[in-house]
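Read the structure below first, then the notes.
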Amino acid sequence: MIVRDRPSALALLFIVRGSVVPRILPHLLVLALFATAVVVLHHQQWVVLPEFSLAPFALLGIALSIFLGFRNNAAYDRWWEGRKQWGEMVYKIRSLARSSETLLDLEAENGRAGELRRQLLHWAVAHCHALRAAVRNEQCEAALIEWLGETDAEQALTHKNVADYCLRRAGRVVGKLYRDGNIDAIGLRILDEHLTRLSGVQAASERIATTPLPFAYTLLTHRTAYLYCYLLPFALVTAMGGYAVLFTLVVAYTFFGLDVLSQEMEDPFGREANDLPLDALCRVNEISVAESLGRTPPEILMPKNHRLE
Amino acid sequence: MIVRDRPSALALLFIVRGSVVPRILPHLLVLALFATAVVVLHHQQWVVLPEFSLAPFALLGIALSIFLGFRNNAAYDRWWEGRKQWGEMVYKIRSLARSSETLLDLEAENGRAGELRRQLLHWAVAHCHALRAAVRNEQCEAALIEWLGETDAEQALTHKNVADYCLRRAGRVVGKLYRDGNIDAIGLRILDEHLTRLSGVQAASERIATTPLPFAYTLLTHRTAYLYCYLLPFALVTAMGGYAVLFTLVVAYTFFGLDVLSQEMEDPFGREANDLPLDALCRVNEISVAESLGRTPPEILMPKNHRLE
Amino acid sequence: MIVRDRPSALALLFIVRGSVVPRILPHLLVLALFATAVVVLHHQQWVVLPEFSLAPFALLGIALSIFLGFRNNAAYDRWWEGRKQWGEMVYKIRSLARSSETLLDLEAENGRAGELRRQLLHWAVAHCHALRAAVRNEQCEAALIEWLGETDAEQALTHKNVADYCLRRAGRVVGKLYRDGNIDAIGLRILDEHLTRLSGVQAASERIATTPLPFAYTLLTHRTAYLYCYLLPFALVTAMGGYAVLFTLVVAYTFFGLDVLSQEMEDPFGREANDLPLDALCRVNEISVAESLGRTPPEILMPKNHRLE
Amino acid sequence: MIVRDRPSALALLFIVRGSVVPRILPHLLVLALFATAVVVLHHQQWVVLPEFSLAPFALLGIALSIFLGFRNNAAYDRWWEGRKQWGEMVYKIRSLARSSETLLDLEAENGRAGELRRQLLHWAVAHCHALRAAVRNEQCEAALIEWLGETDAEQALTHKNVADYCLRRAGRVVGKLYRDGNIDAIGLRILDEHLTRLSGVQAASERIATTPLPFAYTLLTHRTAYLYCYLLPFALVTAMGGYAVLFTLVVAYTFFGLDVLSQEMEDPFGREANDLPLDALCRVNEISVAESLGRTPPEILMPKNHRLE
Amino acid sequence: MIVRDRPSALALLFIVRGSVVPRILPHLLVLALFATAVVVLHHQQWVVLPEFSLAPFALLGIALSIFLGFRNNAAYDRWWEGRKQWGEMVYKIRSLARSSETLLDLEAENGRAGELRRQLLHWAVAHCHALRAAVRNEQCEAALIEWLGETDAEQALTHKNVADYCLRRAGRVVGKLYRDGNIDAIGLRILDEHLTRLSGVQAASERIATTPLPFAYTLLTHRTAYLYCYLLPFALVTAMGGYAVLFTLVVAYTFFGLDVLSQEMEDPFGREANDLPLDALCRVNEISVAESLGRTPPEILMPKNHRLE
């Protein structure tokens, strides 16, 4: 995710980091060559080129605006829902820490309840790392070992769904607290409810990660945008001469840019410039748990080069 | 559902699988013939054809963009809500597995609680298969026998609403756990709540499957799009000559394509290319239950030919 | 509600049932006469008619597209929310059946609990019929007598809000189950929660039924659409001659059609072609309750002439 | 709120009540004078007026449609959310009545529970009147005295937040029921939950009433609409001559109308024609409570002159 | 936040406070100079300037309307969600006050329960001040000392996440009430649920404050708007001569204005004119708590110069 103060209006025009320009540059160059060729051929009249008026393009514009607008909204919704779900994870882990502190008599005991609470919260942090790894197709072995120890981490990694296993283990700790008499049935219900919502965050993240926008939208949008931009020079050349190349590029910049940006937002858990900073959110959870366990929390992750992973 | 990495920009132009092109091709061909006829007649002047300017089409464009945009959004919302509901099913079945593990003393018992828990989860998986079959108008006998045994499966199939029956049977298992003293009233409430949400997923799926978008929208959209595209050649021929055929086809490709795509999304539980992969989601549930019962889980379903059923 | 498979593209153009054409036909005829008069007068030059260019209509188009698009979205939202609420009713009544089966020891008892459960579910079905009658301004005496017997039905009908009375009576049954010791406080809470949500469905249905879209929208939309269509012939006649009549009608078909359709969706509980099939949904509830009581369920309602009431 | 059957298409054109015409008439008159002046000056050529083509207005149209469309949607959302919240209040007060009837043994007691229940429901009705008064900047003394008696009403009115005080008093009644042993902890929780949601309705109503749409939107919309309409005659006069006045007025009618309507919807709790009928909703609550207490309910409020307050 | 009655139509045109005009004035001036230069050069024909027709700008308009419309909606959603979350905080703190009053036997006790209740509510108010400070990057030491005393305030400020610490301390008070026997497990659950929702408000506020809209949108919107406005004079000058400067400015006023306004809404917790009045909302919470503790509440914050902080 790009995090930066809004630069001046002038600087905004030339910023590259976080921009989609680098990704669409090759396409723009090819299109520029094509448009230039059309202009030259038109001028030299070596070949008789079709001459369009601009009016028919307005008709295509209806479909294009529906496609691009729709896809952009749907992609952003996925991105924002992903962020909301991870925000819910943040407060559910905090609530797990707070509710367990409320429920358990941490001072009067022999420390057994405190130890179980520690395990519960560690499994929750492990869940969050396992989920991050799952939606990003990454490894999480190091993080699991750090929070679970080697034995538990290894056992967790033998499962197909590591994040779900972590939640079930957290549930077992709650069951032990209950059967040991540290919490009553209501206490169990409170903690179980938090775990259920963490499970909901997981299911939603998996949904976003594994269910792309219907592929046919990508095809329709992409094809319409390309047809539009490659037909455009024929229409513009009669009206504007050589400036047709410039205008074609400006139009293509907006259409291709939106296309690429939608594609980036669509899968919000990746590692592209505008994707969600899951590493930083995992760290937020680590801080919450550490503070609630009375430990020195790790540092918050800061953006490097205006970019937060 | 089509699952594939985004191909290169060039490849995107020629992909057929998942595209709506095959479905609208006949319509495009008929339109192409019609447009060609208009161009030829116009050229030969055998008949006096009406000559339109393009301007009136912009007026029709208002209505068309409202119809197409609305229908597309509504259809996609149904598709995405269907996916959300099945995502909720995924995490509710996982929660059923986790909560029951938390609540029940699986080790200390004579195994009776474990057996009831197994039944509970099997009924939940059966529910999911029965619902899949119901919204797809398919058979689910094989899956039910696999998870329930022949006797229970047969009895389930005598009911009008098999999925609802499975949930009621799951509820009876919860009642038995409660009356046997394995769980207390709070435990019953936790498990009952999960079953209630599964029932909610069922009702929502039935709603989407049995309540199509109002038919009048389909009529209005379809008729306006056809009128538009069949009047278009008359207007384009004066402005562009023979290129009118090309342009009419490009415009019709986008309008017909969006129309067909909306129709496909509208009923997300079918077996068309862009529909939801219910088989794969049922398998996800089977894996969750198998892992939580300590069994070797089945393999996750993979897309064949980029297509996940 | 119109329920039918999608007909062929050609058939779609000529279907009348479910279409808005019959309702707007008189308006279209009047407009056709008017437009023809304009064309004739223009041709004969008996009177000097104002000559407009089409460009100013694009300016009006902004407002029209906002009005029509907004009203259409808002009307559809009301329709779909109505369906969602009744879908929630479906699963809350099922949950009432399932939870009560889970909670009550139906076999070991002297049948008293079973009898109370039967009453509870009958009151729930009566609630659904009473609500249907209320939002449709219909009678429900027959249905109430069928499910409650004559005495209770008559008493129910003396109340201003029959549906609410049914829920309160259901609540009393729950209270009796509780005070008789058949369920504990948690059981009461579970059943009470289902009743509360049924009450929520009722309040939402009443909201949709009694709070129309702000009347000023209807006025603005209607007036702008009429002004637009009656001014249109003056602009089209100079550009297209006699075809102005045809084009005016096509444009008017889309605008008037959307206007009438929005009006139909806006009150989703009526008995018009595209309204919600409340009878069929009541039947779904009857089936759920009958099956859960071990009775032979009635038949599901089928569409007649593609129409489900 | 305007409540009426849809009049005939012709009648719709001339209805004044509920229309925004009276409110924008002065602005339209001023604009008509201005446009007439432009036409006359243009004809007489006393002054050289700028001559615009209509094309640049399409560019302004982009911004205008975003502003007007956005503001209209946002304003309607506020209106509809207000209605939803008050619909939730309706069913929460009914649920309070029903749940308390379920929980309390009204027959076997010495009537003490019944008396406390009566107090609870009266405080709930008082809450609803106090909230209505707060969001409308009205008095509610009469209603409070009617439902609470003079002493309690006076004490309530000494508080800054009368509605919140009513809820706290209702909460105290629940506490008394609990400490008297009439309900157990679960019963307290059920009733407390209903009160919490009533508190939620209050907070949402206060939010809508005290947080207007950002003022900058009002400014941008208003200014753009005025600039647009006052520049329009210059462009139309060259194209349409004297009809420019007519067309300018039609366009201004839609823009000013939408502007004024948005403003009316934006504050849904006022007493303008299209505002929410809070009086009638309070009456609905009074009827629910009266019927559940076995009293003769008051009459439902009927619209006067098609208008419900 | 700007709070004022709607001024007259004329006054609206000249209001500066709350308007975005001051912020975009420099940009408008630069653009005016540029446009004037284009007009002069065009007139004097010292240089041959490119001559565009206006038609290509309509093509760019598609992209611009998607960008500006989308960004505006997304920014407003953030603003309104922020307000909703703080509205939820308001009623959750009130509910904490009411539920604790319901649960605790405040009169019969030795005052211990009352003292703990006072602490609970004070921590809740401290939470709200700490959250305000966190999302605004401000200090909250004074407010914390006022509500917690120096010792607790200092200890709170040693934590990374002060607001979360306040909630955990509130949770500890609930735990003490529970272990002291003042509330039972259900009572603990009720209060814990309110604290969980406060934690949800915090997570949502942090989400909005730390996750800006994807930076690429800002870039695309900004660049397209600037390109558009700086190319516009070339097209307008041929059509309108000197009036091109006026029209360019009007168009730029709407585009730049929307751009700047979106930017302001996007971060709703700042201290700009249209941002949310967090100070006033904190005061609302202080009043709720003071009234529920029987203390004289502080005054409500009033807008100064139509502006509420």
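Residue numbers (our numbering), protein chains in the order written: chain A, -17 to 291; chain B, -17 to 291; chain C, -17 to 291; chain D, -17 to 291; chain E, -17 to 291. We treat Cβ as the ideally placed atom computed from N, Cα and C, and that holds for glycine. Treat the numbers as computed from the prediction; the structure is a model and nothing was measured.
Query, Result
"Residues of its chain near Arg65/A, where Cβ-Cβ distance is below 6 Å and the 5 sequence neighbours each way are ignored", "Leu258"
"Contacting residues, own chain, Cβ-Cβ under 6 Å from Leu36/D (five flanking each side not counted)", "Ala217"
"First through last residue of the alpha helix (DSSP H) which encompasses Ala45/B", "37 to 85"
"Where Ile190/A sits in the DSSP three-state scheme", "helix"
"Short Cβ contact (7 Å threshold) for Val309/D with Thr84/E", "No information on residue 309/D is available, as it lies outside the stretch -17 to 291 that chain D covers here."
"beta-carbon Val(-2)/D near the ligand FMN non-hydrogen atom, thresh 6 Å", "This structure lacks the ligand FMN, and indeed carries no ligand of any kind."
"Ser(-10)/C, buried or exposed, once every other Cβ within 10 Å from all chains shown has been counted against 16", "exposed"
"Per DSSP, the bridge partner or partners of Lys286/B", "Arg289/B"
"Helix, strand or coil at Ile165/B according to DSSP, with G and I counted as helix", "coil"
"Leu159/C burial status per 10 Å Cβ neighbour count (16 or more: buried)", "buried"
"Unbroken alpha helix (DSSP H) run spanning Ile293/B, endpoints", "Nothing can be reported for residue 293/B: it is not among the residues displayed for chain B, which extend from -17 to 291."
"Proximity of Val14/A and Leu231/A at Cβ, strictly below 7 Å", "It should be pointed out that residue 14/A corresponds to Ala in this sequence rather than to Val. Yes, these two residues count as a Cβ contact at 7 Å."
"Limits of the unbroken alpha helix (DSSP H) element including Met247/D", "225 to 248"
"Ile(-16)/D - DSSP class collapsed to helix/strand/coil", "strand"
"CB contact flag (Tyr58/D, Met284/D, <7 Å)", "no"
"Continuous alpha helix (DSSP H) stretch holding Asp257/C: start and end", "No alpha helix (DSSP H) holds Asp257/C; DSSP gives it neither H nor E."
"Rounded distance between the beta-carbons of Leu240/A and Ile6/E, thought under 8 Å", "Ile6/E to Leu240/A, Cβ: 24 Å. No contact."
"Buried/exposed call for Phe238/B, threshold 16 Cβ in 10 Å", "buried"
"CB contact flag (Ala112/D, Ile75/D, <7 Å)", "no"
"CB contact check: Arg99/D to chain E, cutoff 7 Å", "no"
"Unbroken alpha helix (DSSP H) run spanning Thr140/A, endpoints", "Where Thr140/A is concerned, there is no enclosing alpha helix (DSSP H), given that its DSSP letter is neither H nor E."
"Beta-carbon gap between Gly153/A and Arg154/B smaller than 7 Å", "no"
"Trp28/D - DSSP class collapsed to helix/strand/coil", "coil"
"Check whether Cys122/D and Cys264/D have beta carbons under 7 Å apart", "no"
"Close-in-space but distant-in-sequence residues of the same chain around Glu268/C (CB under 8 Å, 5 per side omitted)", "Val107, Pro279, Pro280"
"Range covered by the alpha helix (DSSP H) that runs through Cys122/E", "Per DSSP, Cys122/E belongs to no alpha helix (DSSP H) and is neither H nor E."
"Cut-off 6 Å between Cβ atoms - residues of its own chain near Trp61/A, not counting five sequence neighbours on either side", "Met247, Pro250"
"Length of the line joining the Cα atoms of His24/E and Val219/E", "8 Å"
"Contact with chain A by Asp174/E, beta-carbon distance below 7 Å", "yes"
"Nearest-angstrom Cα separation, counted from Ile(-3)/D out to Thr236/D", "16 Å"
"Where Val30/A falls, given that 16 or more other Cβ within 10 Å makes a residue buried", "exposed"
"Distance, Phe229/C Cα to Cys211/C Cα", "10 Å"
"CB contact flag (Phe34/C, Met222/D, <7 Å)", "yes"
"7 Å Cβ cutoff met for Ala226/B and Val21/B", "yes"
"Contact set between His109/B and chain C, taken where Cβ atoms lie within less than 9 Å", "Neighbours of His109/B on chain C: none; closest Cβ ~11 Å, over 9 Å."
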